[in-house]
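First up is the structure itself, then whatever we jot down about it.
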Amino acid sequence: MDADIIRLVEQIQNVVNNDIAVMERVAYELLTRATTADVSVIDRMNTVYKRLEHIAHKPMMDVAEIDRRHRWPVLPSNYALLPHQKVGVEWMFRRSSITNAGMRGGILALPVGVGKTLTLVTYAAMVQGVHVYVCKNDLISTVRADVQKFYPTTKYFLLDQKRNPKPFNLFTGEAVANAGCKLVIVSYNTLVKLAGIAGKIERRTSKSDTESFKTAEEMFRHTWSTVICDESQEFCTDNSTFAAVMALRKHHGFCSTATPVNENTTDIGNQLRFCGLIMPNGVKHYNESMYEQMNLDRNVLYIPKSDMHLTLPPVHHHDVNVTLTQQERYMFEQEKKKTLAIYMQSKKHKVSKLSVQHSLERTRQCIVAASTLCTGKGSVNALDGYGLDPSTEADAYRWLRDDRGTAGMMSSKINAIADIIRHVPRDEKVVVYSRFPAVNDLIEKRLTVEFGAQFDTLRLCTASASSKKREDVLERMRTRESCRVMIMGKSGSVGLNLVWASHLILAEPDWNARNVSQVLGRLERIGQSRHVHVYHVQTPGTMEMNVRRDCEKKRKAADDFMRGVNIDKDDLDTIINA
Numbered sequence: 019m020d021a022d023i024i025r026l027v028e029q030i031q032n033v034v035n036n037d038i039a040v041m042e043r044v045a046y047e048l049l050t051r052a053t054t055a056d057v058s059v060i061d062r063m064n065t066v067y068k069r070l071e072h073i074a075h076k077p078m079m080d081v082a083e084i085d086r087r088h089r090w091p092v093l094p095s096n097y098a099l100l101p102h103q104k105v106g107v108e109w110m111f112r113r114s115s116i117t118n119a120g121m122r123g124g125i126l127a128l129p130v131g132v133g134k135t136l137t138l139v140t141y142a143a144m145v146q147g148v149h150v151y152v153c154k155n156d157l158i159s160t161v162r163a164d165v166q167k168f169y170p171t172t173k174y175f176l177l178d179q180k181r182n183p184k185p186f187n188l189f190t191g192e193a194v195a196n197a198g199c200k201l202v203i204v205s206y207n208t209l210v211k212l213a214g215i216a217g218k219i220e221r222r223t224s225k226s227d228t229e230s231f232k233t234a235e236e237m238f239r240h241t242w243s244t245v246i247c248d249e250s251q252e253f254c255t256d257n258s259t260f261a262a263v264m265a266l267r268k269h270h271g272f273c274s275t276a277t278p279v280n281e282n283t284t285d286i287g288n289q290l291r292f293c294g295l296i297m298p299n300g301v302k303h304y305n306e307s308m309y310e311q312m313n314l315d316r317n318v319l320y321i322p323k324s325d326m327h328l329t330l331p332p333v334h335h336h337d338v339n340v341t342l343t344q345q346e347r348y349m350f351e352q353e354k355k356k357t358l359a360i361y362m363q364s365k366k367h368k369v370s371k372l373s374v375q376h377s378l379e380r381t382r383q384c385i386v387a388a389s390t391l392c393t394g395k396g397s398v399n400a401l402d403g404y405g406l407d408p409s410t411e412a413d414a415y416r417w418l419r420d421d422r423g424t425a426g427m428m429s430s431k432i433n434a435i436a437d438i439i440r441h442v443p444r445d446e447k448v449v450v451y452s453r454f455p456a457v458n459d460l461i462e463k464r465l466t467v468e469f470g471a472q473f474d475t476l477r478l479c480t481a482s483a484s485s486k487k488r489e490d491v492l493e494r495m496r497t498r499e500s501c502r503v504m505i506m507g508k509s510g511s512v513g514l515n516l517v518w519a520s521h522l523i524l525a526e527p528d529w530n531a532r533n534v535s536q537v538l539g540r541l542e543r544i545g546q547s548r549h550v551h552v553y554h555v556q557t558p559g560t561m562e563m564n565v566r567r568d569c570e571k572k573r574k575a576a577d578d579f580m581r582g583v584n585i586d587k588d589d590l591d592t593i594i595n596a
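In case it helps, the working numbering puts the sequence shown at residues 19 to 596.
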């Protein structure tokens with residue numbers, strides 16, 4: 019064993035009077051020196067941290083102690099923090115005052131729709147210093163609205179050239195502090211651009227005398243009191259975003275996400291790294307031992323919605339099984355064969371996994387509406403490999419390219435969606451969700467043609483559209499009785515409050531459990547007054563049934579991991595290898 023490691027372990031075991039500060043310093047150095055996965059080293063580290071945690075352990079601060087030390091802020095009339103929000107703020111205070119495995123901070127893992135943005139903003143309003151709030155572009159309006167609504171005297175600086183007319187050259191940490199600002203709000207996209215300009219990642223795109231370069235340098239030069247990363251799953255698999263948030267200098271770091279574990283246990287590992295976790299042997303070492311042996315669950319606050327005692331209306335799930343026509347079934351089977359052939363080629367390293375994914379997505383869209391095969395890349399040769407004679411192929415192309423027929427907006431699945439909407443009470447509103455833009459185009463066309471005289475169908479703009487356009491669509495849906503249906507895609511669905519709707523139609527199952535929980539959380543949230551009905555439109559005998567089953571298995575395995583429940587090997591493989 020490394021002599022330095024032995025020396026450090028002995029040193030920490032002989033600390034006089036259990037001096038926590040000294041123990042933490044030595045333990046931190048121990049972690050940085052532990053460059054081997056030797057079991058004996060891991061055991062020593064485990065012993066050290068158990069002792070450290072036992073000595074440093076204090077009961078969770080109660081509400082009275084928060085009142086004495088920090089004073090709960092007074093919210094505008096008719097508003098008050100809910101119990102789980104107070105628990106979240108207390109926990110953040112606790113985590114910012116104790117170092118565990120190099121971390122001063124942690125992951126706030128509250129479910130979608132229970133007010134975690136207000137929890138984060140409350141913490142920032144109560145703590146001295148200037149804090150950075152990083153979020154998705156879609157969420158900036160929500161964060162601003164919460165600050166203005168609940169803490170109108172709290173000043174903030176919006177670091178966004180599109181939304182903020184102030185020039186970038188006004189931005190410095192000292193100027194923000196002198197102006198009395200508590201928060202700097204910035205999107206992940208803007209932060210990545212600034213990191214590239216400052217050379218923190220390999221994307222230098224600006225000369226050093228420009229306003230953007232000066233702002234970028236300042237953003238990564240200043241040491242912020244706290245950096246909060248909302249929807250922190252965004253940087254789990256994006257190296258550029260992860261590099262950008264890691265480049266920020268901070269005293270404390272907090273992540274906030276409803277799904278800290280999505281499809282791989284390294285998701286939570288990267289978030290803990292942002293909070294300060296030292297991982298001397300990399301992600302693989304973390305997967306095998308760190309979370310359990312070092313009790314890293316203490317750095318994660320996970321409160322399931324069922325434990326919050328919220329009085330939310332119930333959610334009813336309805337399976338809507340659709341039978342494909344003979345033509346639709348034929349197209350699906352042919353696309354499935356092509357996908358399987360590409361998959362077999364990928365196993366021989368003849369094509370990339372991206373090609374498999376692209377083919378699989380085409381097959382899934384084909385189940386909803388076959389005409390989607392004639393949209394986008396590869397549409398010219400949509401029927402290649404089918405082995406059709408020229409006459410039959412010509413007829414098939416005519417059928418596919420008629421997006422107003424049974425291959426398009428009159429397909430079996432879109433017929434089922436229209437039928438669901440037809441039976442929804444006139445005073446209730448509907449959200450239709452599909453991850454595929456081409457499918458959403460056909461649904462919008464069908465609903466406009468069939469129901470245009472009765473009510474309006476609106477399409478939510480993507481996240482890349484201007485915030486004003488998106489907010490206009492949402493305001494019309496919320497306030498106008500004539501607007502009854504909103505069509506929504508994957509892009510731009512995070513951070514929305516859609517409690518004016520009580521019916522959610524999922525046009526197809528999703529691979530990703532996080533996407534499903536995010537969309538459902540738009541309706542099932544604080545402020546919802548009606549029963550929520552979720553319609554799963556699916557086609558038995560196709561891959562859709564497997565997709566839904568695997569998605570549910572991933573969700574359960576991830577939930578069990580967060581609860582600390584022992585899960586079997588197959589469930590763990592679901593998370594690791596999905």
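Idealized CB from N, CA, C, for every residue including glycine.
None of the values given here were measured: they were computed from a predicted structure.
- DSSP places ARG477 outside any alpha helix (DSSP H); the residue lies instead in the beta strand (DSSP E), whose first and last residues are 474–477.
- Ranked by Cα distance from PHE111, the first of LEU358, PHE175 and HIS269 is HIS269.
- ALA127 sits in a strand when the DSSP states are folded into three classes.
- For the set VAL555, CYS199 and HIS554, the Cα lying nearest the Cα of TRP242 is the one of CYS199.
- In this structure, the CA atom of ASN433 is about 52 Å from the CA atom of GLY294.
- In the three-state scheme derived from DSSP, where H, G and I count as helix and E and B as strand, HIS441 is classed as coil.
- Using a 10 angstroms sphere on the CB of GLY131, the tally of other CB atoms reaches 16 or more, which defines it as buried.
- Judged by pairs of C-beta atoms under 8 Å, the stretch 434–449 does not touch the stretch 407–424, as fewer than three such pairs exist.
- The three-state secondary structure of MET427, taken from DSSP, is coil.
- Cβ contact annotation for VAL148 (same chain, cutoff 7 Å, sequence separation greater than five): GLY191, VAL194, ALA195, CYS199, LYS200, VAL202, TRP242 and SER243, in chain order.
- Non-local beta-carbon contacts of LEU378 in its own chain, meaning distances under 7 Å to residues more than five positions away in sequence, involve THR357 in chain order.
- In the three-state reduction of the DSSP assignment, MET326 falls in the coil class.
- For HIS270, the enclosing beta strand (DSSP E) stretches over residues 267–274.
- Straight-line measurement puts the Cα of HIS554 at about 16 Å from the Cα of GLU542.
- Counting only the Cα atoms, LEU100 lies some 13 Å from PRO91.
- Looking at the backbone, the Cα of THR343 and that of CYS392 are separated by about 19 Å.
- In this structure, DSSP gives ASP337 an extended state, which the three-state scheme calls strand.
- According to the DSSP assignment, LYS368 belongs to no beta strand (DSSP E), since it is labelled neither H nor E.
- TYR320 is classed as buried because its beta carbon has at least 16 other beta carbons within 10 Å across all chains shown.
- Contact between LEU522 and VAL552 holds, since their C-beta atoms are separated by about 5 Å, short of 8 Å.
- LYS354 is positioned such that its CB atom lies no closer than 7 Å to that of SER364.
- Close CB contacts of GLU252 within its chain, under the 8 Å cut and outside five residues either way in sequence, are with LYS154, TYR206 and THR259 (chain order).
- Shown here, ARG502 sits in a strand according to DSSP, grouped into three states.
- Counting the other Cβ atoms within 10 Å of the Cβ of LYS368 gives fewer than 16, which makes it exposed.
- For VAL165 and ALA436, the gap between their C-alpha atoms comes out near 40 Å.
- By the C-beta density criterion, THR137 is buried, having at least 16 other C-beta atoms within 10 angstroms.
- HIS240 sits in coil when the DSSP states are folded into three classes, being neither helix nor strand.
- Non-local beta-carbon contacts of VAL512 in its own chain, meaning distances under 7 Å to residues more than five positions away in sequence, involve LYS154, ASP156, LEU157, GLU249 and GLN536 in chain order.
- Looking at the DSSP output, PHE168 shares a beta bridge with no other residue.
- Considering only ARG502, MET506 and PRO558, the residue with the shortest C-alpha distance to HIS441 is ARG502.
- In the structure shown, TYR451 adopts extended strand secondary structure according to DSSP, grouped into three states.
- With contacts defined as CB atoms closer than 7 Å, VAL105 and TYR141 fail to qualify as a contacting pair.
- Taking a C-beta distance under 7 Å as the contact criterion, ILE215 and ALA197 do not qualify as a contact pair.
- One thing to note: SER389 has its Cβ no nearer than 7 Å to the Cβ of ASP337.
- With contacts defined by Cβ atoms closer than 7 Å, ALA387 and GLY426 form a contacting pair.
- Here the alpha carbons of PRO170 and GLU489 stand approximately 21 Å from one another.
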